Amino acid sequence: MKDILVFTINAITNVAYILTEYPAFIAIFIGFAGIVFLRIKEQVDSSVREEQNIL
Amino acid sequence: MVFEEKISKQETIGVIKAVIIPLAVLITGMITVTSFANFGKLIICPLSAFMWVLGFIVAILMPSMRKSVINETLGFCMTYYALLLVLKIALGIVSGASAEMLVASYDQPMPSSVGNTLPGYCQYMIYITAIGTPIGFAGMQIKRFIQFKRNKSLQDTLAQARDIRHTGRFNE
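Line by line, the protein sequences give chains A and B. Residue 9 in numbering that gives the first Met the number 0 sits at position 10 of the first sequence, and the numbers go up by one each step. Residue 56 in numbering that gives the first Met the number 0 sits at position 57 of the second sequence, and the numbers go up by one each step.
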């Protein structure tokens with residue numbers, strides 16, 4: 000458990016370091032978040048759920 | 000009482016893929032940018048950020064072509080990062096090779112300057128890739144967007160003409 004915690008803290012501090020050292024990464028993250036959102040939205044919109052009245 | 004189907008296996012895999020593929024591109028980008036130090040900070044990072052944001056904006060503005068725009072953006076970014084990494088590795092390999100070593104490995108006479116020109120070629124390729132790819136991507140997306148707008152206005156005009164014919168308001 001402790002190892003996972005250390006790994007997570009290390010990952011977060013590394014991302015924070017990259018964001019402070021490379022400011023353009025903020026724009027990359029915005030683009031990434033937007034693209035992921037659009038891809039998930041497309042998946043959810045295109046899938047059809049079956050609905051049936053039982054009573 | 001309504002029976003509603005729960006999320007299917009196929010849908011779950013689709014959502015996971017929707018996150019994992021862009022994440023893989025982002026991680027490759029992080030590795031590339033940080034491995035190039037100052038060149039990554041000043042050139043690769045801002046230009047690839049430009050590609051990500053442009054792809055996102057164009058995808059929002061053109062809903063009918065959203066899927067292909069997103070796929071192109073991710074493909075271009077991945078190729079950009081991967082190519083730069085490969086070229087950097089190639090530069091590292093050829094930088095350590097002297098003209099004598101190349102003569103020995105090709106087993107034929109070669110000019111003594113070849114040992115110095117090879118890293119130069121690799122560097123040129125890195126510069127051309129780093130700057131040319133985002134420019135090419137921007138040109139492609141902007142052209143596509145202009146084409147889309149033109150088609151859209153043509154569709155609007157036709158729809159307007161049909162509306163006039165159906166309702167007959169134009170003659171009133």
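Note that beta-carbon positions come from the ideal geometry of N, C-alpha and C, so glycine has one too. Please read all numbers here as calculations on a predicted model, not as lab measurements.
* Asked: Mind checking if B/Gly-74 is an interface residue toward chain A, Cβ cutoff 7 Å exclusive?
  -> Residue numbering aside, residue 74 of chain B sits at position 75 when the second sequence is read from its first letter. Taking Cβ atoms only, chain A never reaches closer than 7 Å to B/Gly-74, which makes this a no.
* Asked: With 16 other CB atoms within 10 Å as the buried threshold, where does B/Asn-170 fall?
  -> Locating residue 170 of chain B in the second sequence gives position 171, counting from the first residue. Only weak support exists for where B/Asn-170 lies, its pLDDT of 45 falling under 50; the value from the coordinates is given anyway. Exposed, because fewer than 16 other Cβ atoms sit within 10 Å of the Cβ of B/Asn-170.
* Asked: Quick one: what does DSSP say A/Val-47 is sitting in, helix, strand or coil?
  -> Within the first sequence, the letter at position 48 stands for residue 47 of chain A. It is coil, neither helix nor strand.
* Could you list which residues in chain A have their beta carbon closer than 9 Å to that of B/Thr-33, in chain order? => In the second sequence, residue 33 of chain B corresponds to position 34, counting from 1. By Cβ distance, chain A contributes Ile-17, Glu-20 and Tyr-21.
* To do: Could you tell me which of B/Ile-30, B/Ser-152, B/Ile-125 and B/Ile-6 sits nearest to B/Leu-83, measuring between CA atoms?
  => For the purposes of this step, residue 83 of chain B is identified with residue 84 of the second sequence, where counting begins at 1. Taking only the C-alpha atoms, the option nearest B/Leu-83 is B/Ile-125.
* Runs of alpha helix (DSSP H) lying entirely within the stretch 19-100 of chain B, each at least 4 residues, in chain order -> 44-60 and 65-94
* Span of the beta strand (DSSP E) holding B/Glu-3? -> Numbered from its first residue, the second sequence carries residue 3 of chain B at position 4. First-last of the beta strand (DSSP E) with B/Glu-3: 1-3.
* To do: Would you kindly work out how many angstroms separate the C-alpha atoms of B/Ser-104 and B/Ser-97, rounded to a whole number?
  => Your numbering for residue 104 of chain B matches position 105 in the second sequence. Your numbering for residue 97 of chain B matches position 98 in the second sequence. When rounded, the distance between both Cα atoms is 11 Å.
* For A/Val-5, decide whether its Cβ has a neighbour in chain B, counting only Cβ atoms nearer than 7 Å. => As a first step, residue 5 of chain A is located in the first sequence; it is residue number 6 there, counting from the start. Not closer than 7 Å to any Cβ of chain B, the Cβ of A/Val-5 fails to qualify, so no.
* For B/Gly-28, return the contacting residues in chain A, with the cut-off set at a CB-CB distance below 7 Å. => Within the second sequence, numbered from 1, the residue matching residue 28 of chain B stands at position 29. Correct list: Ile-27.
* **7 Å Cβ cutoff met for B/Met-77 and B/Val-24** => Taking the second sequence and counting its residues from 1, the one referred to as residue 77 of chain B is at position 78. Taking the second sequence and counting its residues from 1, the one referred to as residue 24 of chain B is at position 25. Contact: yes.
* Buried or exposed (CB count within 10 angstroms, at least 16 for buried), B/Ile-12 -> Taking the first residue of the second sequence as position 1, residue 12 of chain B is located at position 13. Counting the other CB atoms within 10 Å of its CB gives B/Ile-12 a total below 16, which places it among the exposed residues.
* Throw me the rounded Cβ distance for the B/Ala-17 and A/Ile-39 pair, which I believe falls under 8 Å. => In the second sequence, residue 17 of chain B corresponds to position 18, counting from 1. In the first sequence, residue 39 of chain A corresponds to position 40, counting from 1. At roughly 5 Å, the Cβ-Cβ gap stays under 8 Å, so B/Ala-17 and A/Ile-39 are in contact.
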